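In my numbering, the protein residues as written are 2 to 106.
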């Protein structure tokens, strides 16, 4: 299951074609994460994080060159939610010390 986390709004599009987004310092996405609109349309991937630690910016490499639909919109990053891990352990099989019957050598 993929959850969406808000990263911020578009500041501008650079000459080299990257989308620049200002983000909060405590809400840094991973490089390579997918970036989506509020309608869950994939825009591109996180390319780099630049700026100071107090005011970071994210560079997004867009999938296509049509950037008109992106202007002044809130963007989100998708991440896989692991959910509840309780009860998901695998059983250990074979080659345990007590797994042989007594008397067999």
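For every residue, glycine included, the Cβ atom is placed at its ideal position computed from N, Cα and C.
Keep in mind that this is a model prediction, so the values were computed, not measured.
| Item | Value |
| --- | --- |
| Residue from 5, 6, 4 and 19 with nearest C-alpha to residue 58 | 19 |
| Length of the line joining the Cα atoms of residue 64 and residue 55 | 29 Å |
| Distance between residue 6 and residue 44 (C-alpha atoms, nearest Å) | 14 Å |
| Inter-residue spacing [alpha-carbon to alpha-carbon] between residue 17 and residue 51 | 15 Å |
| Cα-Cα separation, residue 21 to residue 4 | 22 Å |
| Short CB-CB distance (under 8 Å) between residue 79 and chain C | Absent here is chain C; the protein component of the structure consists of one chain. |
| Inter-residue spacing [alpha-carbon to alpha-carbon] between residue 30 and residue 67 | 24 Å |
| Distance between residue 47 and residue 25 (C-alpha atoms, nearest Å) | 15 Å |
| Coil, strand or helix - residue 61 by DSSP | strand |
| Cβ pair residue 32, residue 78 closer than 8 Å | no |
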